[in-house]
Structures are given as structure tokens and as C-alpha cells.
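Below is one structure, written out as C-alpha cells; comments come after it.
Residue numbers (our numbering), protein chains in the order written: chain P, 1 to 381; chain V, 382 to 762; chain W, 763 to 1143; chain H, 1144 to 1524.
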């Protein structure tokens, strides 16, 4: 099936988080250590709570891989929960503002919101990160590279270097996955201050995909437009409340001549992703008409502060309807670095899906041949 | 099938724009005049070009309705194009920045970008507006109401009244669908100035859905989260570059205690959508954990300026690769009011789809019975 | 989207039957006359009633085609109903055995079964035939050819010639689409006799697809297996009650050594669909493990007699629950020839969908390049 | 999501067979022992090879269940393979006739058919059986019961008692899951004889679903018709080559008056699944117009003999193209009893999916309320 489908399953305190991935081409080299590295990155970050320390996620490949390569069939990845005590976890009757609790209780007619929060938990994103690692392995076969990092934590904004390699280096060297060593101390101070006040912080995440061929996604149907699909993938991540592509919100205030990216042709750039078409600006963020245009895909996501506060918010007991403070389950102050890893995974997954749709997907060999044949034709248009 | 599916078809200069809607419950009263009213609203707005004047859209119901009500089966709506001369339209070889042209030519290996732009055109949104009208008719059966309006055009921001009925009244009285008569003159002046400079303007659109029951969407799988689905629906609209839910981008700078909406219970509100649960703020924009929480759903979209400028942008001839200015197909200066009608339709369609998923959909009668049974149980939880 | 999706819409006495086809590659030559020829074949056949004479179906292409070729975007085909008087058609309260009437009334809670039968009618199959014509045009680009014909009408069985070209010639020369001129007189006599008795006849339809490349469909997930998908496509045709692939029912009585088709390799056959692999028998009907194996795909469908009899069957009035005879809406005696055209369309559509999935689908040019690249590699395995 | 989706994963000699089930309503009591009982039934049967003895399947619930009931979220079931040595299994270069081997090698461009057969293996059906057990638990909440049994093995046909309870008793007492103790000795003798000759046997499987409410499935779109969906589900089972509904193939030879089931109304039957509508015959097999009609759903599947013979069939080496005998992986003589358990699971899964679509699916409580409300209205139509 030339369609890449990713489903996750599992509860926060259940036996495991499980990811099922269908539609990967056969023959893709799978490096479990790289999945584990992404999982470790998701657990890192200044300002994380105790649970991240005890988990130490490791992926187990339960299906779809033989001799280190995908074979035809679904891939199943399992990440065991160390803190697996679902049957012992207490009932939850006081919904936490900012969480799925209240909406879920009413939807599913279940006053024990334990049954909601276990699945709604951000623990689920470990499964999405694992899928994203596979997606990045596939994208790498086509020279496409995805990079997400933190650009703001609460009141403190980062200044991002233009050079992408430098951006990655700085991110990888940062506790907070911020490519701006100058901003990091102020960010940590802000996290510390919020923590001491029993409060939490959100922030901004930027994601850039380089080497993306033009023509991924499609303009022909609203459900196929890549900007829409990226927005769904990123907005569906726990705590994300806004998604911008390219200039994003700023397009509203500028004129057309300030926004649109002129088109030029440079034969020296014929072998790049853009196939020779160059743009002095990239305000479109690499997407025009619901398709990639050969320029880097650029996306920003805004993350809200963690809703579980040490100083709990006002709530009610769902049975008695009497005022209570919300249950307090977790103690992180800031999860923006972790969420940046999930954003990277979500964007990579969506781009890999679009790649599989365009170039077929039975095997990496067939897919590469289709890609090369298309590329030659596109260059000679 | 308890799933509402909307597909559009048709080219800008083809015979018609067509919408196919599957999964509406049978027995829904269909008022074609209300569809036409929404289509007229899409065509209105200060700063629109000649084409809007000649079109005068009228919907023809080709399938799925008998005696004024839906019967089981797909609904097909057809909006004829007055300017239907697809076979005569000239070839397009100079891609327009900000449009699908270049990406589409490379994707589909077709140097005549007429074959791309005809389908990529915002003319397609007439089909989405027609679907949205039906969705609003279904939502109205459950007391849900969707309202979108313009809150910024280029440099000029509107101030929106708190009262929703007043908001609607002002919007309906405005040439620009702006619920702020004070801002309208400045907005019109900005449009005039941009037009005189051969330039274009974008803006902001806000959409509010009232009377939304809690529990639409789901937290259980990333593809089912309602915030993600709304983001896809809105970001897929031509020229939208950012989507915010609730506070949106602003969540990044505030602390948790400033963002999350405390939960209280007020028995006097038992018969509202929120089933008695009240929130002093609605920073979440009515969605927590990927589900509606009983509060109004609030969403903002940023629209870029129209990319076809009278002062055309730099481009190239796709065959010769020599510099040229972009083709100029259309002369609107500002389409933000029109886009607001599309945003309203997209949000209504997604909410109606979520409603059908939750309450089944064979017939309005069965759906209402399921809704009432759930509502009683949820209230007594 | 590398996925071919076909949806039909429209009521029997509504304005039109509509087909929406998404996922066809761009650049496919569309010959409307060939669609009309298939539609005419669907209306032909000895033993058909008055309505087939008045209809004279003609397709109108409403979207997706320019200058005689598909462009990127959905194709919409419209077949107007000459007998379009949906609003005047009388209520139906006496369900007809063998039809959707009773089940539909109970499902949709609607005692007027007019609202069910209008969509359940075999008139809908005109839309599927139109889609099948397009599918055959795509398959022809890859040397794949689909042929269906009648092999039994009631008590009379046909003897089918081995040679496929001869089979097609005979079918095309036959009023009943039976490739056996010897059997035709007895078949017509049987139809006459049934008609005189106020009764109806069913029969058998065989469908053969030649030149099918190996590897369409997939073994990896039950929903992707091509035999399952073909069975769904054919069993979903009105009045079909059984589907066999290859030997079909007969596999139950034979031993393994009598059923399975030995594999040999013949270098002289390297350029055929089978890529050199030859089988002395084709009991598998061209499908092993849910995939085509390079041999012809062979399928048989059993059609029940038309359920609307001139001598109506016992029924009840759905309001009074009192015994009545069933409503009599239509007067055909035997529709097996017509159904054979629908089976051909359904099989062609499913094969074209599998082809698009395997070889990508943005443009015929890209698809052919991908196909050729794969074929070379498969031959050199 | 009011849609029940079942995906399986895993290789025959991989760590496990995995089933992911989405869309089950919350609150469904899950009895793992009943899943294990169905798995044991799948492994039973006279004429099975060594592997069935060593496997002793046991299900592990990895996600979606808490305190013995489903919670909102996907259910993941894992069945560990005892013979898990995927990395050690030898390469396969000689494709086995009747298997996925050759088609898969060409499709995926992989000469080592180990990479195909591991996923194509009937071992996968353990996952479908596990899903079917859950589906039966859901159906039981609505009084629907599914029963499959063997009615023929090679040359020997069974005679099935009319009484359904007796049918089940006899099946459960039979080594071969044949509800005819008189036929069993001849069947066993046939299996023994085939085994001694190094050959294999197929057979017929019948499946009956009782207590099915009318109106499951739909007539409105070909992909939604329940007969088509059942045909896909059953034809996709390994080795099934034909599917009949009701009279099946026999409809081709009879007249309309002999085929269609008259409709009567009996107030004493108002509380049965048929809501008072009774039919003297059930030639339709409980499905008219793509929907259940309140009568038992009856389906027959034909299974081919196991394609791996002890006396191997002719094949070739895929690299050298030289004649060889096929690889011999497994030693069962007859797997019809096992396949009958899979057919039961497939039919149950499809019916449960149709039930979820019609009656919503957030929670069993909501679903039952919707079902009862509909039932009352349907009875009073």
C-alpha cells in the first residue's frame, strides 16, 4: 500500500507504548540505536521530573524487520513502561484543567478519569518519536533531513544562527535543545523560577526540513494538502496550541510584495532539491498550493505550559460537583525540549508519508528508481 | 457510514465546482437558499475583482435530497461556472510566486501550469462553502452555531465585542465581514492604498463555535484529535499560513497558572452545552486533550495577501528558464472576507463530522435520540 | 494521492448518476465515446425492459479533463437520467423481497421506501461502468485488458472458447454478451419462457484480466489482499450472491496436487506479463497470497434473478403490517448481460487501483517510468 | 471514532503476532480466557502438523484494557511465537506453488522469499482470531451470535442439523469442527489417505450469524455494502477461493420466484432481531441491498488444499531459473477446521464493525442506549 500509516497505542502506566507503522518500503535499514537516541532526547531537558529518570526508554522491534532491514509487512515497535502499574493506579475524580480529563469523562460517560488520562498522557509521544525515527531513516535515503529545536521558553527567546549545520550542532550541545548558548542561562533561570513558584512554562519550537523535493503533498483535494497535513500532525501533539508555516501569523500584516518569494533559475543549483529554481526569500516556508516547492519546509509550533501545577488549579469532584483542587500527577516544569523532539518526529512522518505517496513504496529500490526517473524528467521539463 | 466525508472537484474555468458529501444523516432539512446565501457572502467584500461580479453562484442539488430532505446516499452539489471556457484558456508557462504553479509543474511533469492553477484556484472554496452550509444545518439541529469574521486586514486590527449576538449582527452589517464598524473605514483605506500600489493585503480571521457539546473528537489517536483536524481543515484553505486555537501563539510566553482554565460547577448551567461545568476563562479555546470541553471553540487563521499582484513578481519561463514576470490572472486586492466564509465552512464541516462520529448518523431522528440519551447520562455522571 | 478512489452518487429517478474518481494519474487520454460504448453495452441485452430503451446514456465530463486528457484533480462524470421525476415518484410502503426496501426502511426509520430504492437501484451501476471505462483506459497503457461475459443464464450454460481474442469477438457479436453462439438460442428461449411466466432469471458471469503484472495487491494486511478487494468490488454489485476466484468452489473437493499450479521458467516468455514464469494450469485464477502472479486473473460471479417479478411476491404494508403483494417497479426479465458489464468495470477499477498503488500515480509519464524501472529489476532478480 | 479497525502484524517465526484494534467502545468486558479458547480451537483439528502442538497460543493484552474492561484507546493483543527464530531461518529461493512466494519476490524485488512467506503465513490468522473474539464479546452485548463450522473436507460432505443450538453442540464435540458425527469418520479417513499420499485436502466452511439486527451495512455506496465487506473479509483469509452468501452459486440456476424470500409480519416475533418481519425462506442469507434484513446471515467459504505438499510440486530456483522442487516448510494435511475459526472471526469482526458504525461507539453504555432507542423507533415505524 503506497500509504504510510502510523498508529500508536498504550497507556502511561500500562505495560508499554506500542507503535504500528504500515506502508514503509521493504529493504529500509533500521538502526534501533538511532531510535533509542531519539527516545533519549525526548526524555532529556532541564526542568524534567523524576519519571524521565526512571524510564530510560528502549525500543523493541516486534515485527517487520529481519536482518536489520524492513521486510514487507507492518513494523511494530514496543517501548516498555518501567512504571507499569496500571491496575494499581488510583481512581481520578477531580479533572485537571488543561487536560483531557473532564472532556473525556463526559464523552465516555466514565467518572474515573484514570481511564482517560492514561491514554491522553504525553507518554504516548514516545511512540510517535519512534515512528519519526524510522521516517527520518527513509527520508535520509532521499537526502531529506528534518531538524527541530526550541526557540523560546516562557519569556526568553533564542536567536537562531542562519547556518543549518551550526544550528544542529548548537542544538545537540544544549540541555534545552536550544541552538543559542547565549539564551540558555536565562531560560534555565526562568524554569527554575517557575518551578519555585509551583508554576510551569511553555514555549516555541521551530522545525526545518532540508533537501525536500518539490511536489510532495497535493493541491487537488483539501485533505491532501501538505500544509494541512503538517498542521494536523503538529497540532495533535499534546499541548500544542498554534502552528505556523513560513512567516505564519506575520503574513496578516504585510503586503503581497513583502510576502511572496520571487522565482529565479540558477543552473548551478540544478542538482539541489529545488532542481535549479531558487528563491531569495522563503516566506512560504517551502509550501505553495499545498505542495513542497523545493525550498526548506519551515514550521513553528507554540506549546502551552504543562497543565499539571504543583500549585494545583481549581476544579470540582465530578461525582459530588463540589469544589476541589485538581489531582497532581506529575512534576515537570517545562517540557518544550521534549515536545521539540515530537514535533521533529511528526514532521518527518508526514514528509515520509508524502514521499511514499509520490514515489510508491514496495521497496526502497523501486522507490529510488521511481524517484530518480521523476527527478530526471522534472529537471528536463 | 458514521463518517462525514466531503470531497470537492472542478476547475476554475471548467463547467462547475462540484461537492460530494457522504455520511449526512437522512432526514436533514436542506435549504438551498441558505447555501446560496453563504455562496453570496463568499463573493462579497470590498476589494474584490471583476470575476466575483459575473459569477453569482447558485447551487444545484444533483443527488441525495428528496422533498427538501436528505435521503440515504451521497449529496452532490453543483455550482456552475459562468466563465466556463477551460478549453480556450491559454497555456501558462511563467509560474506565479505564492501559487501552486511551480510546485505543481514539477510534481506532475507538466510545463503548462494552466493544468495546475485551474484546480488550485480559490474558486474551489465555493464547493467547501456549500458543504459547510449543510454542516451548519446539521449542527443547528443540536444547538451548535458557527460564526467566523475578519479581525484584521493588513495593518488595521478590529476590536471585537464580547457579546456573540452583537458580533454576528455587526459582521452581517459589514462589507468586510468585520464586527467592528469603527475599524472598517481604515481597512477600506488600506485596501484602496494597496490596490493603487498594485499590491495586495492579507489579514486575520476568527471563528467561534457556540453550543458545542463536550466530547467531540478524541484523545485516543493523533489522527482523531479535534484540534489537529481543525488545523488541517483550516490550514488547507488557500492562502492560510497559521492556525491558532484559543490563546494560540500567546501560550508560549505565559505561565501555566495564567493559561489553564479553572473548572467549576454551576447547577444553573446544567442545560447548556457545558452540562453545568463552567470556566472563568476559555484560553483553551474549547478544546482539551483533542476534545471539545463544552466551552466555545475559538480559532484564529492568518491569511497571506493574494499572490497575484498587478505589479507582477519576478519569475522565469519554465521552458527557457529565462527571467520573466509572473502571469497575472486575477485582480482582487484583498480576499480576507471571502476566506472568512470558507473558514466558517471548514470549521462547521469538521464539527459536524465529529458529531456524526459520536452520535451515529443513519437518520437525524436516530442521531437525536442517541444525543439525548448520551446527554442525560453525561449530566448524571 | 497514490490511491484510486471511486464514489458514485445519484438516485434512479433523480437528475443524474454521478461518479467521482480521485487518484487517476494526470495525462491519461480520456475517450468519452468509449465510456458511452460501455454505457450502451450495459443497457443492451435480450430481455430488458422499457426503461433501457428510453435512457440512452451519455456521459458528461464535469471536472478533471482538459484537452482530452486528465489533469491533476478529481474527475467527475455525470450521466443524466431521462426519466428524472424524483419529486413526483409515489411513496412505496410494500417492501419488495430481494431488494433493499425492508432493511433500508428499518435502518433509516423511514416508512417511505422510495427513499431507499432510488439509491439502491441498479441504475447506480451506470456510474460504476463509467469509472470502469476510465480504469480500462489506464490499464491499457500497461498492456492490461479486462473482459467479462455471460457463461450461464438460468438453466442454460455456455461453452467458452479457449482463445481469448475469439472469446471477445463472440461476446461482442452476442445480444446476451455470451461467447457461445450455440447456447444463445436456448438462453433466449429460457428468458422468453420466464417472462411469459411472470418470472425472472439469473446466471453466471466470468471475468478475465490479461496482461496483469505480478505483484498487484499485497499479502501484508488483510484489507490489502487483492482477492479480498476483488471479492468486495464484485459482491457489492446489485444481485451478486457469490464470487469465485480461479477454480473457486471446486477447490474444496480436489487434492492439493490437483489444485496448485506448478511453476516453470521459459526465457521466451520473458517479455510477457509473467516475466518468464509460466504455469501449465491457472487454477489459482492469477492470484496467490493476495497478489497477482503474472497469470490471467479469472473470477466468476453468480447473479440472482431480478427480484421484481411481474407476478409479485408476498409482502406486507409496513404501516399496517397487513399482507400485500410487493410493489412492481420494473419489468426486466434478465439482467445478467448488463451485470457482466458492471463486473468488468468493477474488476478493472480494482486492478487500476492496485496498479496506481504499486507504481505511484501523479502522471502517466511518471507511472510508466516507475513501471518500466520495476519491470527491468524484476526480470533481472 | 465510530469505526472499528483491525490490523495485524508479525511474522511466522518472528517474536509475535500482534493485533491492533481501534474503535471498540469503552466499557466492554474482556475475557482473555475466551480469546485463548478461540486460539486453541484454531490450533486444534485432526490432520495438523507438529507446529500446532508446540505453539499453545496465549494472548497478552498490551494496551486498551484496565480492570477487565476496555478503556478509550486502541487494544493491542500479542501472541508470542514459541518458535521465534526469524533471524536463523534459512533463505528461500524456490517459490512454492499456491503461496505468495513468487508474486511477492517479483513485487518486492527480493529473491529471498523468506521475507515474503513469513508474513504471508497462516500464522497471521491467530491475530485475526484474537480480534474476532473481542468482536464476539461486543456482539454478545446485542444478542448477536456467530457460529462457523466445517461442512466438507475433500470428497466428504457433512449433513448439518437445522437446529442451531444442536449445530453448535455437535461442532464443539467434533475434532474437525464438523457438526455431523456421521461424516467425521469418512473425513478422517480421507485426511489419512491424503496424508499417506503426501497430498493435502481443502473443504467448505459455513458461517451463520444469529440475532443480527436489520440495517447493518448500507446500500448507499459500494464500499459500504455488507455483503461486499463480508466477501472481502473472508476471501482475504489465506487459501479461501470462493465466498457465497445465502444460496450463493445456486441462484444462477433458479427462477426469481424460487429465490426471493417472501415477507410476512408476525406480531409474536416483534422482539426478535427481525422486529416481527418473518421470512419462510432465507435464500438471501440475511442480506438484501447490502444490508442485514433481520434474518440470520449465512455465508459459505471454499478453502483450497494446503499448498505445501510432502510430495513437493515443480518449481524453479529464482536466481538460476533452473527447475527445482518447491521448498517444504510445513506438514499439515488439512487446515479446514482451523480456517473455520478464522472465518468465524472475520465475519464477527465485520458485523461488529457495522454495529459500531450504526450505533456509535464511545462506550458500551452509549451504544446500548442508541441501539435501544433505534429499536423502539424501528418497531413502531
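Cβ atoms here follow ideal geometry from the backbone N, Cα and C, with glycine treated the same way.
Considering Cα atoms alone, identify which of the options is closest to residue i.
| i | options | result |
| --- | --- | --- |
| residue 1103(W) | 1032(W), 874(W), 886(W) and 825(W) | 886(W) |
| residue 684(V) | 676(V), 752(V) and 587(V) | 587(V) |
| residue 1494(H) | 1217(H), 1437(H) and 1189(H) | 1437(H) |
| residue 672(V) | 618(V), 708(V), 622(V) and 608(V) | 608(V) |
| residue 1060(W) | 1167(H), 1385(H), 1364(H) and 1466(H) | 1385(H) |
| residue 177(P) | 3(P), 356(P), 338(P) and 377(P) | 338(P) |
| residue 514(V) | 751(V), 744(V), 726(V) and 737(V) | 726(V) |
| residue 1012(W) | 1394(H), 1382(H) and 1403(H) | 1382(H) |
| residue 4(P) | 160(P), 208(P) and 357(P) | 357(P) |
| residue 1161(H) | 1361(H), 1285(H) and 1274(H) | 1274(H) |
| residue 971(W) | 792(W), 911(W) and 1082(W) | 911(W) |
| residue 1269(H) | 1246(H), 1184(H), 1339(H) and 1189(H) | 1184(H) |
| residue 383(V) | 1367(H), 1479(H), 1404(H) and 1466(H) | 1367(H) |
Give the secondary structure of residue i by DSSP, where H, G and I count as helix, E and B as strand, and everything else as coil.
| i | result |
| --- | --- |
| residue 998(W) | coil |
| residue 267(P) | helix |
| residue 46(P) | coil |
| residue 1493(H) | helix |
| residue 794(W) | helix |
| residue 1154(H) | coil |
| residue 1384(H) | strand |
| residue 131(P) | helix |
| residue 102(P) | helix |
| residue 1160(H) | strand |
>> Three or more C-beta pairs under 8 Å: does that hold for the region 1073 to 1092 of chain W against the region 849 to 861 of chain W?
In response: yes
>> Please list, in chain order, the residues of the region 126 to 142 of chain P that have any C-beta partner in chain V closer than 8 Å.
In response: 128
> For the region 1104 to 1127 of chain W, which residues have a beta carbon sitting closer than 7 Å to at least one beta carbon of chain P?
Replying inline: 1119, 1120, 1121, 1122, 1124 and 1127
> Do the region 1331 to 1346 of chain H and the region 1018 to 1036 of chain W touch if we need at least three Cβ pairs shorter than 8 Å?
Replying inline: yes
>> Just to confirm the assignment: which complete alpha helix (DSSP H) runs, minimum length 4, are found wholly within the region 1498 to 1524 of chain H?
In response: 1507 to 1522
>> Suppose only complete runs of 3+ residues qualify. What are the beta strand (DSSP E) ranges in the region 1278 to 1345 of chain H, listed by chain order?
In response: 1288 to 1296
>> Whether or not the region 1251 to 1265 of chain H and the region 65 to 82 of chain P are in contact is what I'm after, with contact meaning three or more pairs of Cβ atoms, one per stretch, closer than 8 Å; do they touch?
In response: yes
> Do three or more CB pairs link the region 135 to 150 of chain P to the region 350 to 369 of chain P at distances below 8 Å?
Replying inline: yes
> Name the residues in the region 239 to 260 of chain P whose C-beta lies less than 9 Å from a C-beta of chain V; which are they?
Replying inline: 239, 240, 241, 242, 243, 244, 245, 246, 247, 248, 249, 250, 251, 252, 253, 254, 255, 256, 257, 258, 259 and 260
> What beta strand (DSSP E) runs, 3 residues minimum, are completely inside the region 811 to 858 of chain W?
Replying inline: 821 to 825 and 837 to 842
>> Is it the case that the region 1152 to 1172 of chain H contacts the region 1221 to 1240 of chain H, given that we only count it when at least three CB pairs across the two stretches are under 8 Å?
In response: yes
> What residues in the region 581 to 614 of chain V bring their beta carbon closer than 8 Å to a beta carbon of chain H?
Replying inline: 596, 599, 600, 601, 602 and 605
> Any contact of the region 993 to 1009 of chain W with the region 1032 to 1047 of chain W, i.e. 3+ C-beta pairs under 8 Å?
Replying inline: yes
> Curious, which full-length beta strand (DSSP E) runs of at least 3 residues does the region 631 to 705 of chain V contain?
Replying inline: 678 to 684 and 695 to 697
> When you check each C-beta in the region 775 to 792 of chain W against every C-beta of chain P, which residues fall closer than 8 Å?
Replying inline: 784
> Quick one, which residues of the region 479 to 497 of chain V are near chain W if we go by CB-CB under 8 Å, in chain order?
Replying inline: 485, 488, 489, 490, 491, 495, 496 and 497
>> For the region 608 to 617 of chain V against the region 545 to 559 of chain V, do three or more pairs of beta-carbon atoms, one drawn from each stretch, fall closer than 8 Å, so that the two count as touching?
In response: no
>> Does the structure place the region 1121 to 1131 of chain W close enough to the region 910 to 927 of chain W that three or more beta carbon pairs sit under 8 Å?
In response: no
>> For the pair the region 1248 to 1255 of chain H and the region 1301 to 1308 of chain H, tell me if three or more CB-CB distances fall below 8 Å.
In response: no
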